[in-house]
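Have a look at the structure below before the remarks.
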Amino acid sequence: MTAGFDPKHRFANFGLAARRFGGTWRSGVPLAAWSQFARSWPVWLAGSALALFAAFLLDGASVAWARQLPGPVRYFFDVLTDYGKSAWLLYPTGLFAVVLLLADWRSVDRRIAAAWTELGILAGFAFISIAGSGILTNLVKQLIGRGRPILFDSEGPFDLDPFQFNYAYASFPSGHSTTVGALAVVLAVIIPRLRRTAFAVCALIAISRVAVGAHYPSDIVAGFMVGAAFTWFYALALAAAGIGFAVTPSGTIKARAVAIRGVFGRSHGLSRASSGLWSALAGKPRKMSA
Numbered sequence: 340m341t342a343g344f345d346p347k348h349r350f351a352n353f354g355l356a357a358r359r360f361g362g363t364w365r366s367g368v369p370l371a372a373w374s375q376f377a378r379s380w381p382v383w384l385a386g387s388a389l390a391l392f393a394a395f396l397l398d399g400a401s402v403a404w405a406r407q408l409p410g411p412v413r414y415f416f417d418v419l420t421d422y423g424k425s426a427w428l429l430y431p432t433g434l435f436a437v438v439l440l441l442a443d444w445r446s447v448d449r450r451i452a453a454a455w456t457e458l459g460i461l462a463g464f465a466f467i468s469i470a471g472s473g474i475l476t477n478l479v480k481q482l483i484g485r486g487r488p489i490l491f492d493s494e495g496p497f498d499l500d501p502f503q504f505n506y507a508y509a510s511f512p513s514g515h516s517t518t519v520g521a522l523a524v525v526l527a528v529i530i531p532r533l534r535r536t537a538f539a540v541c542a543l544i545a546i547s548r549v550a551v552g553a554h555y556p557s558d559i560v561a562g563f564m565v566g567a568a569f570t571w572f573y574a575l576a577l578a579a580a581g582i583g584f585a586v587t588p589s590g591t592i593k594a595r596a597v598a599i600r601g602v603f604g605r606s607h608g609l610s611r612a613s614s615g616l617w618s619a620l621a622g623k624p625r626k627m628s629a
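Residue numbers for the sequence shown follow my numbering, beginning at 340 and rising by one.
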């Protein structure tokens, strides 16, 4: 069977993806997601309490702590903090999703197409989670207008000046921490066995924002919570809509990766999947299985 090069069909994939991800807005889906989300209220309550604790007992002392860090430690955090930038994650996941959407999947084996579709959904989930939580954090930053630690000596830790739209008054919540909070949940729901490592590494990146003098502890706790909560709710909404995830009887979320395991888990699976992707991008004839 020959699919041929059909630009109209390829660009139609974008509309299909939009409709699929838009399924989270179907009647009853947001309410179902919220019902599941509300069950984890102890986590969000504990996070809020930690942010308040940090604000009143840690924020002021954190400035002196950051300034007294030894040079090698400061250098370590200077390097580490760069990995909290959302661009590290948005560019590859966005580009990957666009490449998959531009392919003509009629030209490859259905099992391979299904595996790449599952990967594309997970990439879209990661992109939307990080981008969406980042936008939310940036809006909150401007509404609150908290002064950063660079203003601590003159203004203290609770200087609020909303709608300044500049770096000095964009401390709460931390954008880097929002990004890694979202990333921690993304990794936890896609690769559950890595959840502890993911949260530990992401938390360390968030702490680096205090070490480099860019944020207070309450900023990073709040940012991490925004990213984690946004992503968890979005995963629940996708699961409720039957897109990419499913909620287990225990209330955890499991990524739908049957096709991924079926293709990539087999001998020469990666080479077959790569060949299928190239065929889809090039519009080559589909090779029928024996």
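Where a beta carbon is used, it is the ideal one built from N, C-alpha and C, also for glycine.
Assigned secondary structure, residue i (DSSP; H/G/I helix, E/B strand, else coil)
| i | result |
| --- | --- |
| A442 | coil |
| A390 | helix |
| L419 | helix |
| L397 | coil |
| L475 | helix |
| G408 | It should be pointed out that residue 408 corresponds to Leu in this sequence rather than to Gly. It is coil, neither helix nor strand. |
| R378 | coil |
| R485 | strand |
| N352 | helix |
Beta-carbon proximity check, residue i vs residue j, cutoff 9 angstroms
| i | j | result |
| --- | --- | --- |
| H554 | S493 | no |
| R349 | L440 | yes |
| S446 | R485 | no |
| A302 | T363 | The question about residue 302 has no answer, for the chain in this structure spans 340 to 629. |
| G471 | A523 | no |
| A550 | R449 | no |
| A356 | S557 | no |
| S468 | A561 | no |
| F466 | L429 | yes |
| V402 | F497 | no |
| G473 | G399 | no |
Sequence-distant residues of the same chain with beta carbon closer than 8 angstroms to residue i, five excluded per side
| i | result |
| --- | --- |
| K424 | H515, T518 |
| A612 | I451, A454, W455, V602, F603 |
| A542 | V519, A523, F563 |
| L533 | L526, A527 |
| A629 | Unreliable positioning characterises A629 in this predicted model, as indicated by a pLDDT of 38, which lies under 50. A coordinate reading is not provided. |
| W383 | M564, A568 |
| A580 | G362, T363, R365, V368 |
Buried versus exposed, by CB contacts within 10 Å (16 or more), residue i
| i | result |
| --- | --- |
| V418 | exposed |
| S339 | The structure shown does not extend to residue 339, since the chain spans only 340 to 629, so no value can be given for it. |
| F353 | exposed |
| F569 | buried |
| P488 | buried |
| R548 | buried |
| I559 | buried |
| G615 | buried |
| A372 | buried |
| D421 | exposed |
| A298 | There is simply no residue 298 to check, as the chain begins at 340 and stops at 629 in what is shown. |
Proximal residues to residue i (C-beta, below 7 angstroms), its chain only, five neighbours per side dropped
| i | result |
| --- | --- |
| I302 | Lying outside 340 to 629, the shown extent of the chain, residue 302 is not represented and no answer is given. |
| L482 | P501 |
| A578 | F584, A585, V586, I592 |
| R378 | G590 |
| F416 | S547, A550, V551 |
| F572 | A372, F376 |
| R336 | Nothing can be reported for residue 336, as the shown portion of the chain is limited to 340 through 629. |
Own chain residues within Cβ distance below 6 angstroms of residue i, not counting five before or after
| i | result |
| --- | --- |
| F563 | S516, G520, A545 |
| N505 | none |
| A462 | T432, F435, A436 |
| A619 | A442, D443, W444, S446, V447 |
| K480 | A509 |
Whole beta strand (DSSP E) runs in the region 535–603 with 3 or more residues, listed along the chain?
Listed in chain order, they are 584–586, 592–594.
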